[in-house]
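Visitor: Residue numbering for the sequence shown follows UniProt numbering, beginning at 1 and increasing consecutively.
Mind looking over this structure? Questions follow.
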Amino acid sequence: MAAVAQISLLRGSAPLSRLSLKVNRAFSFCGFPQTAGLHRSLQQVGFGEMPSFYSNSAAPGNSSGLHTRKQRFSTNVVTSRLQIDMVPCLVDNYAYLLHDVNARVTAVVDPSAAGPVIRALNEKGLSLDFILNTHHHWDHTGGNVELKRKYNAKVVGPRADEGRIPEIDISLREGECWKLGEHVMHVLDTPGHTRGHVTFYFPDSGAVFTGDTLFSMGCGRLFEGTPEQMWNSLSKICHLPDETLVYCGHEYTLSNAKFAMSVEPQNEALSSRYEKVAELRRKGLPTVPTSLGEEKSFNPFLRPFSQELRKSVHLNSSASDVETFAAVRLAKDRF
């Protein structure tokens, strides 16, 4: 099974051939150099149409870009969406099983403990081929060793932090594309919470796995990074299509919602979401995934342009997005 998923990357900076729009887009995103065999190579690695993350109208750090809906990402080779199943771990962690039915390949994202993952696999009659880690913290990698030994699974993680990822086999960085069965995974470098954090995006399934960078109604603490790094990381994620579902690493939503209400109480979308979140938690139900478009409407860490928010953290309209984000993060740390 391990041979089914592979890194599909050839790096280079030479201009791309204009053989076709699909070939250009796919190779531009993944950094392929110019070659006479572009179309043939594209067919071999299984890429279809994959436009760039960014457009001129919404560059990272441009708050107006957070409102801009981007075109849908698609690949021509995929015939079904990934099956995604949540696996609660520890007190409030979430791991996620990803299963490609056609290729019969299964991965787990951020297994903090092996036991819950093994039980979930057994219930579904699945084995495990890959372990995907967004960052090195033990509550996201604690199950690596046991799961790798039990299933002979390969560990995939951030190249910038490969020295701290237990049992890592495949290291990836931004601009590289990797395949889980028939499904192309895009990698975004999203430092801030840790210096080597990455985010995994599956465009054909409309799913992004954000680890501890972006939570529902919140974001990760800045243990190793700076406010500027984290804001840039969040901006990258915000350039994905609004309908993208956000699968984060923790069930922190109710606590995050209470803070959000304290800094932007007049936000109607936030008030509505707060009530829904409170009801879900009363019933013991998860609050994730949420859509990226929804998060932009009520997550204070994605809303530095909000004048109400700026007033709440004692900033005026001349403050930059980074300054506003930093003030909101500090306020959350003290909340």
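Every residue, glycine too, gets a C-beta built ideally from N, C-alpha and C.
Do VAL198 and THR134 have their CB atoms nearer than 8 Å?
Guide: Against a cut-off of 8 Å, the Cβ pair of THR134 and VAL198 comes out as a contact.
Visitor: Going by C-alpha distance, which of PHE130, VAL117, PRO286 and TYR252 is nearest ARG104?
Guide: The option with the nearest alpha carbon to ARG104 is PHE130.
Visitor: What is the C-beta distance between GLU182 and VAL322, in whole angstroms, given that I count them as a contact (C-beta under 8 Å)?
Guide: The Cβ separation is near 39 Å, so there is no contact.
Visitor: Leaving out the 5 sequence neighbours to the left and right, which residues in its chain are closer than 7 Å to GLY143 when beta-carbon positions are compared?
Guide: Cβ neighbours of GLY143 beyond the five flanking positions: PRO111, SER112, ALA113, ALA114 and VAL117.
Visitor: Pull up the distance between the alpha-carbon of MET86 and that of GLU264, whole angstroms please.
Guide: If I take the Cα positions, the gap works out to 30 Å.
Visitor: Rounded to whole angstroms, what's the CA-CA distance from PHE301 to GLY218? Just pull it up for me.
Guide: Taking the straight line joining both Cα atoms gives about 6 Å.
Visitor: Let me check understanding here. Comparing Cα to Cα, which of SER297, VAL91, LEU270 and ILE237 lies closest to PRO191?
Guide: Checking every option, the nearest Cα to that of PRO191 belongs to ILE237.
Visitor: Within the continuous alpha helix (DSSP H) that includes GLN266, where are the two ends?
Guide: Element bounds for GLN266: n/a, residue is neither H nor E.
Visitor: Would you mind stating whether residue 346 and LEU128 have Cβ atoms separated by less than 8 Å?
Guide: Here the chain has residues from 1 to 335 only, and residue 346 is not among them.
Visitor: Taking THR253 as the reference, give the member of LEU234, GLY220, GLU268 and TYR151 with the closest Cα.
Guide: Considering only alpha carbons, the answer is GLY220.
Visitor: Report all residues from its chain with a CB closer than 6 Å to the CB of SER205; omit the five preceding and five following residues, and keep chain order.
Guide: The answer, listed in chain order, is ARG81 and LEU82.
Visitor: If you follow the alpha helix (DSSP H) that LYS311 is in, where does it begin and where does it stop?
Guide: Here the alpha helix (DSSP H) through LYS311 covers 307-312.
Visitor: Where does HIS186 land, buried or exposed, given buried means 16+ other C-beta within 10 angstroms?
Guide: Buried, because 16 or more other Cβ atoms sit within 10 Å of the Cβ of HIS186.
Visitor: State buried or exposed for ASN256, treating a residue as buried only when at least 16 other CB atoms are found within 10 Å of its CB.
Guide: ASN256 is buried by the Cβ-count criterion.
Visitor: Answer yes or no: do THR213 and HIS193 have a C-beta to C-beta separation smaller than 8 Å?
Guide: Yes, Cβ-Cβ distance for THR213 and HIS193 is below 8 Å.
Visitor: Using a Cβ-Cβ cutoff of less than 6 Å, which residues in the same chain neighbour ASP92 once the five nearest sequence positions on both sides are dropped?
Guide: Same-chain partners within the cutoff: HIS250 and GLU251.
Visitor: Quick check on the burial criterion: 16 or more other C-beta atoms within 10 angstroms. Buried or exposed for PHE335?
Guide: Under this definition PHE335 is an exposed residue.
Visitor: Nearest-angstrom Cα distance between VAL328 and VAL313?
Guide: Going from the Cα of VAL328 to the Cα of VAL313 covers about 6 Å.
Visitor: Excluding the five sequence neighbours on either side, which residues of its own chain have a C-beta within less than 8 Å of the C-beta of TRP138, listed in chain order?
Guide: Excluding positions up to five away in sequence, the list reads SER112.
Visitor: Assuming PHE298 and ASN267 form a contact by the criterion Cβ under 8 Å, report the distance between their Cβ atoms to the nearest whole angstrom.
Guide: About 6 Å; that satisfies the 8 Å criterion.
Visitor: DSSP three-state call for ILE168: helix, strand or coil?
Guide: Coil, per DSSP.
Visitor: Helix, strand or coil: which one does DSSP assign to MET217?
Guide: It is coil, neither helix nor strand.
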